[in-house]
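Some notes on the structure that comes next.
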Amino acid sequence: MSNKINTIGIPTEEEIKKAQIDFSPRCTSAGRVNDKETQKMVEYILNFARKHSLFVLAYGTGCGAIEIPATMTSRYDAERFGIRGAATPRQADVLLITGYLSTKTLKRVIRVYEQMQDPKYVIAFGSCTINGGMYFDSYNTIKALDRYIPVDVYIAGCMPRPESVIKGFIKLQELIKDGNAGNGECYRDNLDWYRTNQQKIIKNWDFPDKYNW
Amino acid sequence: MDLINNLKEVFEIEGKIKNDFQIEVEAKKELVSSILLYLKNQHGFIHLNHMSCVDWIEDEIFELVYIVWNPNIRKTVMLHTKIDRNNPEMENIDTIWDQANTYEREFREMFGIEFPGLVAEREFILEGWTEMPPMRRDFDTKKYAEETFATRPGRENAEDVRETIVKRTGEEIPDFAKKYSRD
Amino acid sequence: MEGIGFEILGALLTTILAFVVGMFFGGLNRKITARTQNRVGPPVYQNFIDLMKLQAKRTNIAHGFMGHVAPIWIIIAATTVLMFIPILHDGLWFRNLTFRGDLIFLLYMMVFGSLGMALGAGQSGNPNSAIGVSRGLSQMVGFEIPFVLALVSLMIQFQTTSIQDLMAYQHESGQWIIFANPFAFLAAILSYLGMFRYSPFDIVGAPAELASGPISEFGGKYLGTVMTGGSIFTFVKLVLMVDIFFGGAGNFGTGFWGVVAGLVELVVKTFIVYLIPVFIGLVSPRFRTEQAIRFFWKWPTVFGVIAVLWAVFL
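Chains as they are written, first to last, in our numbering: chain G, 14 to 226; chain H, 18 to 200; chain R, 7 to 320.
Shown next as structure tokens:
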């Protein structure tokens, strides 16, 4: 097991280096047990509504954002699944991380992710989020996304075609139906593990102490 | 060719014609802004195309290249200068062309070249960077990337995915993929 | 069968009818837009699914008291206006408070919802909301003038301010008011384009331009409530237009099947009127605020003035 850091304040350099960071991800959606056994019927109806109306935040973080207009327009129509664009993080359900993330963008993406309201889902496009992809030896891009924010579905490709994107959304719909998706509460519970990882690479840390969830 | 002769009368340069539309000129670093201003006012090279920097680590020199373009006769002049690598300083040509501000800001962050008189924010692309300027050739970017960022376990070296799986489990590469494998 | 319980039941039924029809019209708007763009759109009941999902969010963030109250204000404004418009012409069902209302009251009650939205959006402190609110209120200065002129011309022509009397006139004389004073209809329908906030006048809530303006800090339950209020308000505006210009509905007697037939006729008529902003919105780009105000003060105002002159001299 790892030595967990006890305070949620900003840990010092020595503390970060000394903590044995456990590299297995904390919040995934695969194989999670749904423990809401008492409200099965209600959760079934609500999950039906959640999976058939997904509001995607219109924020293209990387080079994969060029596949999003192609998915939303006439040929590979994504609106028939109920997917539509949302303008602000307060209105959105799904955050699409489309491609590589530099440390500058990661700081803003974390802020955006924390502003979204539960239940919230993250879909990661491309091979840069899985293992670093084309930029595996770059001084500025991250190599494995789910050490920094929890991820539900990965879509492989560089960049994935619109058919793959729609298949990814359908996989997310299946996860929502089984009650396995949505890692907002898990993120809040394991916040200090995520903060350690984030503060290791984000050097100018100025998030407020009490963030408004 | 007249251009090179004309410049040789006024300044102390070496030049040659590279091809139909490109002329290479080499000068010392103190003459650069005068040459650029002369080209802009007298010969009509009014557009700054690009500025670039080359790191000759064996000779301990940074080589700066300025590329200017004349839209009337459609020719470019590429001006080379050499700066000392251990104490790099270069003159600021912000007053001749405004866009040089962004190029010089990038050089200051990525190579560490100082431009006295440059008015721009220190941080450009990298935030909170405390190491060596990353575009220099003695900065080991792969080592830095492996130390700072968490890697996916099992993918530390960027091997081909199919061959890794074959080595690990002993399966066969399917027929349609054989022409893409490196064997 | 008079009685206070009966009236409350009628009011509830009216609200539920407005809610259901308004949501279906929103879904039909998305479906028609999709089919025009040569793709399959979402199903017609998509707005209900959106509303269920928004209400099922587990955390809801509001910035202070006014931000909590603003969506409720919109529903209150929409429902209040709904109560004063006659839904069906004769009959005991759906009568609500129609015998007390008149056009002048409706004119100033219809802007109440925007006032609530402005207060709620201002509290969140987001500069996008503030800019969106100021643009929305400036546009309202634009489209209120032709609307008022159209209604005033009708009041002069028929010497009444009650919608019930206008519907009775159309019922008795057999002629719709759109033929009695066509310029009033033109002025009113052009100002409706601004009131619906579809293209070309959707600069208030444009997602790409302004991060959706006043509703940019609302999420979850609050956004669901705003959507509900918007749907009810859509139905209200359409029924007002149908009542004044197209003869109203409910001309089939007062039995149960007469009421049902009257409701079907109402839905068909409001849908036909609804197609006008939808189709104009499909093909139009977006106006800036000053262009929109200039548009409203040019031709729609001219039509309104001609309508007033028509009413006075003819």
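Quick reminder that beta carbons are idealized off the backbone N, C-alpha and C, glycines included.
Cβ shell of residue i (< 7 Å), same chain only, five flanking positions each side left out
| i | result |
| --- | --- |
| N35(R) | V284 |
| G197(G) | D131, P132 and K133 |
| E47(H) | none |
| I110(R) | T167 |
| D155(H) | I74 |
| L88(R) | T20, T21, A24, I238 and V242 |
| F4(R) | Here chain R has residues from 7 to 320 only, and residue 4(R) is not among them. |
| V318(R) | I162 |
| Y55(H) | V27 |
| V94(H) | I40, V42, L56, F62 and V85 |
| I349(R) | Outside the displayed span of chain R (7 to 320) sits residue 349(R), for which this structure offers no information. |
| I286(R) | L199 |
| I221(R) | G211, L229 and V232 |
| F138(G) | G77, L109, I110, T111, G112, I168, M172 and P173 |
Chain G residues whose Cβ lies nearer than 9 Å to that of residue i
| i | result |
| --- | --- |
| E47(R) | Sequence inspection shows Gly at residue 47(R); the Glu mentioned does not correspond to that position. Those are D90, E92 and R93, listed as they occur along chain G. |
| R179(H) | The premise fails here: R179(H) is roughly 13 Å from chain G at the closest Cβ pair, so nothing lies under 9 Å. |
| R206(H) | Here chain H covers residues 18 to 200 and nothing more, so residue 206(H) does not appear. |
| S218(R) | A99, A100, T101 and Q104 |
Residues that residue i contacts on chain G, provided the C-beta gap is smaller than 7 Å
| i | result |
| --- | --- |
| I55(R) | A62, H65, S66 and G95 |
| K184(H) | The premise fails here: K184(H) is roughly 17 Å from chain G at the closest Cβ pair, so nothing lies under 7 Å. |
| A62(R) | L59, A62 and R63 |
Spatial distance of residue i from residue j (CA atoms)
| i | j | result |
| --- | --- | --- |
| E215(R) | K190(G) | 35 Å |
| E52(H) | P150(H) | For the record, residue 52(H) in the displayed sequence is Ile; it is not Glu. Spanning the two alpha carbons is a distance of roughly 29 Å. |
| R102(H) | E108(H) | 15 Å |
| G219(R) | V289(R) | 22 Å |
| Y89(G) | F182(G) | 13 Å |
| G192(G) | S120(R) | 39 Å |
| A17(R) | Q61(R) | 24 Å |
| T168(H) | V136(H) | 39 Å |
| M201(R) | A186(R) | 24 Å |
| F94(G) | V166(G) | 17 Å |
| A124(R) | R203(R) | 16 Å |
| T111(G) | K117(G) | 15 Å |
| D108(R) | M116(R) | 13 Å |
| K35(H) | F293(R) | 53 Å |
| L143(R) | G264(R) | 42 Å |
| E189(H) | V183(H) | 6 Å |
Close beta carbons around residue i, own chain, < 8 Å, minus the five adjacent residues each side
| i | result |
| --- | --- |
| T65(R) | G226 |
| E43(H) | I30, E31, G32, L96, H97 and T98 |
Where residue i meets chain H, residues with beta-carbon distance less than 9 Å
| i | result |
| --- | --- |
| R160(G) | F166 and A167 |
Closer than 8 Å at the beta carbon, the chain H residues around residue i
| i | result |
| --- | --- |
| N210(G) | A167 |
| I214(G) | T165 and F166 |
Bridge partners - residue i, DSSP secondary structure assignment
| i | result |
| --- | --- |
| W73(H) | I78(H) |
| A99(G) | L70(G) |
| L109(G) | I136(G) |
| Y206(H) | Absent from the structure is residue 206(H), since the part of chain H shown begins at 18 and ends at 200. |
| Y167(G) | A137(G) |
| T154(G) | S115(G) |
| N89(H) | Per DSSP, none; premise fails for N89(H). |
| Q39(H) | N36(H) and T93(H) |
| D101(H) | I78(H) |
| E140(H) | Looking at the DSSP assignment, E140(H) forms no beta bridge with any residue, so it has no partner. |
| E131(H) | E106(H) |
| E31(H) | E43(H) |
9 Å Cβ cut-off: residues of chain R touching residue i
| i | result |
| --- | --- |
| Q52(G) | Ordered by position in chain R, no residue passes the 9 Å Cβ test against Q52(G), which lies about 12 Å from the chain. |
| R124(G) | Near R124(G) there are no residues of chain R at all, since even the closest Cβ is about 14 Å away, more than 9 Å. |
Beta-carbon contacts of residue i that lie in its chain and below 6 Å, excluding the five residues immediately before and after
| i | result |
| --- | --- |
| T84(G) | A91, P175 and V178 |
| F252(R) | W182 and K275 |
| M161(R) | T167 |
| N66(H) | I84 and W86 |
| P206(R) | S290, R292 and F293 |
Per-residue contacts from residue i into chain R (C-beta, under 8 Å)
| i | result |
| --- | --- |
| Q186(G) | In chain order: nothing, as chain R lies at least about 13 Å away. |
Contacts that residue i makes with chain H (C-beta to C-beta distance below 7 Å)
| i | result |
| --- | --- |
| Y152(G) | P151, T158, Y161 and A162 |
| T116(G) | E144 |
| N217(G) | E144 and G145 |
Within chain G, the residues that residue i reaches when beta carbons sit closer than 8 Å
| i | result |
| --- | --- |
| P213(R) | A71, G98, A99 and A100 |
Chain-ordered chain R contacts of residue i [CB-CB under 7 Å]
| i | result |
| --- | --- |
| S140(G) | Ordered by position in chain R, no residue passes the 7 Å Cβ test against S140(G), which lies about 29 Å from the chain. |
Does the stretch 299-317 of chain R come within contact of the stretch 187-203 of chain R, defined as at least 3 CB pairs closer than 8 Å? With the rule of 3 Cβ pairs closer than 8 Å, the stretch 299-317 of chain R counts as touching the stretch 187-203 of chain R.
Cβ pair count under 8 Å reaching 3, the stretch 145-153 of chain G against the stretch 97-108 of chain G: Under the 8 Å Cβ criterion, the stretch 145-153 of chain G does not count as touching the stretch 97-108 of chain G, having fewer than three qualifying pairs.
Three or more C-beta pairs under 8 Å: does that hold for the stretch 159-175 of chain G against the stretch 68-86 of chain G? Judged by Cβ distances under 8 Å, the stretch 159-175 of chain G makes contact with the stretch 68-86 of chain G, as three or more pairs qualify.
Counting Cβ pairs closer than 8 Å, one from the stretch 69-82 of chain R and one from the stretch 42-61 of chain R, do we hit at least three? In short, these stretches do not touch, since the Cβ pair count stays below three.
Under 8 Å, with one C-beta from each stretch per pair, do the stretch 292-302 of chain R and the stretch 41-49 of chain R reach the 3-pair mark? Contact between the stretch 292-302 of chain R and the stretch 41-49 of chain R is absent, because fewer than three Cβ pairs lie under 8 Å.
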